[in-house]
Amino acid sequence: MTRTAGIAVVTGTGTGVGKTVATAALAAAARAAGLAVAVVKPAQTGVAPDEPGDVHEVRRLAGGEVTGVEVARYPEPLAPSAAARRAGLPAVRPRAVVAAVQDLADRSDLVLVEGAGGLLVPFDAEGSTLADLALLMRSPVVVVTSAELGTLNHTALTTQALRVRGLRCPGLVIGSWPAEPGAAEECNREDLPVVAEVPVLGVIPERAAGLPPEVFRASAPEWVGAALHAVLDTFPESAGGGRDEGR
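Residue numbers (the UniProt record's numbering): 1 to 247.
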């Protein structure tokens, strides 16, 4: 038995916690397992039209075999709703994202949907969020968090928001683990599963994005392999082989 194609959302406890590098690591680990992977960014903000965004970074680190789609892009580094409003551009709509994701899911074993900012950052004037998108897709949500002071509260609030909406969270990924962790980082790593009520399933070393891509790809299964398997375990089983079999 193998798992059917599935969709997973990657969110963070805030901006700058390492969502993109965690998404790249999950994609690289999935590729190492022989899965066909796609990555979707519903709304890229803070990037000019001709500049590389998060999808480009994921593909640079995880490999060009990863399919990448950016649904909307806005130049100012703001929440998607505000960025769209100030740019005079249409806001991204969750159902448009779902359509793009489903198209990729028909051709992939795993689709990773990387949010912007945190779980409840608004996409549009109606207040649609990444949580609403996950509900529409019935997808598990991986939470990327930090090891720094303040992370316990931010992480607990995020996982609580998932639970009250009936969304599944397989676990946490620490997006940047220091080479020389102090007491705060060590204690937070120990306490995160307690306050969040889900396990820490991945730890990515700081400055991982600066590694040569081939080193990043080789290391990704060690960093986030448990998180990947927890995500795959939420998908239903089906008979037959994976998409890479016979290729």
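The C-beta atom is built at its ideal place from N, Cα and C for all residues, glycine as well.
Comparing alpha-carbon positions, which option in the options lies nearest residue i?
{"i": "VAL10", "options": "ALA38, ALA33 and GLY34", "result": "ALA38"}
{"i": "ASN153", "options": "PRO193, ALA183 and CYS169", "result": "PRO193"}
{"i": "ARG31", "options": "ALA156, GLU186 and VAL224", "result": "VAL224"}
{"i": "VAL198", "options": "LEU120, ARG163, SER108 and SER176", "result": "ARG163"}
{"i": "GLY14", "options": "THR151, GLY210, PHE216 and TRP177", "result": "THR151"}
{"i": "ALA84", "options": "ALA43, GLU180, ALA183 and LEU110", "result": "ALA43"}
{"i": "ALA227", "options": "GLY64, VAL97, VAL173 and ALA156", "result": "VAL173"}
{"i": "ASP109", "options": "HIS229, GLY6 and TRP177", "result": "GLY6"}
{"i": "GLU190", "options": "ALA209, GLY210, ALA147 and GLU70", "result": "ALA147"}
{"i": "ALA100", "options": "GLU186, ARG168, LEU136 and VAL21", "result": "LEU136"}
{"i": "LEU64", "options": "VAL203, ALA24 and ILE204", "result": "The displayed chain sequence assigns Gly, not Leu, to residue 64. For the residues VAL203, ALA24 and ILE204, the minimum Cα distance to GLY64 belongs to ALA24."}
{"i": "ALA22", "options": "LEU211, VAL203, GLY68 and GLU185", "result": "VAL203"}
{"i": "VAL71", "options": "VAL40, SER139 and THR129", "result": "VAL40"}
Under the rule that 16 or more other beta-carbon atoms within 10 Å means buried, what is residue i, buried or exposed?
{"i": "PRO236", "result": "exposed"}
{"i": "GLU114", "result": "buried"}
{"i": "ARG207", "result": "exposed"}
{"i": "GLY88", "result": "exposed"}
{"i": "ARG59", "result": "buried"}
{"i": "ASP54", "result": "buried"}
{"i": "VAL98", "result": "buried"}
{"i": "VAL215", "result": "exposed"}
{"i": "ASP233", "result": "exposed"}
{"i": "ARG86", "result": "exposed"}
{"i": "ALA183", "result": "exposed"}
{"i": "GLY16", "result": "exposed"}
{"i": "ALA218", "result": "exposed"}
{"i": "LEU149", "result": "exposed"}
{"i": "GLY175", "result": "buried"}
{"i": "residue 278", "result": "Nothing about residue 278 can be reported from this structure: the residues present for the chain run from 1 to 247 only."}
Please state whether the Cβ-Cβ distance between residue i and residue j is less than 7 Å.
{"i": "ALA28", "j": "ALA220", "result": "yes"}
{"i": "LEU61", "j": "PRO170", "result": "no"}
{"i": "VAL144", "j": "GLY18", "result": "yes"}
{"i": "LEU26", "j": "LEU120", "result": "no"}
{"i": "GLU200", "j": "ALA8", "result": "Position check: residue 200 holds Val in this sequence, whereas Glu was assumed. Their beta carbons are not under 7 Å apart, which means VAL200 does not touch ALA8 by this criterion."}
{"i": "GLY12", "j": "GLY118", "result": "yes"}
{"i": "THR159", "j": "ALA134", "result": "no"}
{"i": "VAL141", "j": "LEU167", "result": "yes"}
Comparing the C-beta of residue i with each C-beta of chain C, is any distance below 7 Å?
{"i": "VAL92", "result": "Considering every chain present, this structure includes no chain C. It has just one protein chain."}
Looking at residue i and the ligand FAD, is the gap between the Cβ and the nearest heavy atom below 6 Å?
{"i": "ARG85", "result": "The ligand FAD is absent from the structure shown, which contains no ligand whatsoever."}
Original post:
For the stretch 120-135 against the stretch 86-96, are there 3 or more C-beta pairs whose distance is under 8 Å?
Top reply: Yes: at least three Cβ pairs fall under 8 Å.
Original post:
Can we say the stretch 97-105 touches the stretch 74-83, given the rule of at least three CB pairs closer than 8 Å?
Top reply: Between the stretch 97-105 and the stretch 74-83 there are fewer than three inter-stretch CB-CB distances shorter than 8 Å, so the stretches are not counted as touching.
**OP:** Give a yes or no on contact between the stretch 49-59 and the stretch 79-89, applying the rule of three or more CB pairs nearer than 8 Å.
**Re:** Because the criterion of three Cβ pairs below 8 Å is not met, the stretch 49-59 and the stretch 79-89 do not touch.
Original post:
At what residue ranges does the stretch 74-158 contain a whole run of the alpha helix (DSSP H), taking only runs of 4 or more?
Top reply: Those alpha helix (DSSP H) runs which fall completely within the stretch 74-158 and span 4+ residues are 80-87, 94-105 and 130-137.
Subject >> Complete runs of the alpha helix (DSSP H) confined to the stretch 8-53 [at least 4 residues] >> reply: Every alpha helix (DSSP H) of 4 residues or more that sits fully in the stretch 8-53 is shown, in chain order, as 19-32.
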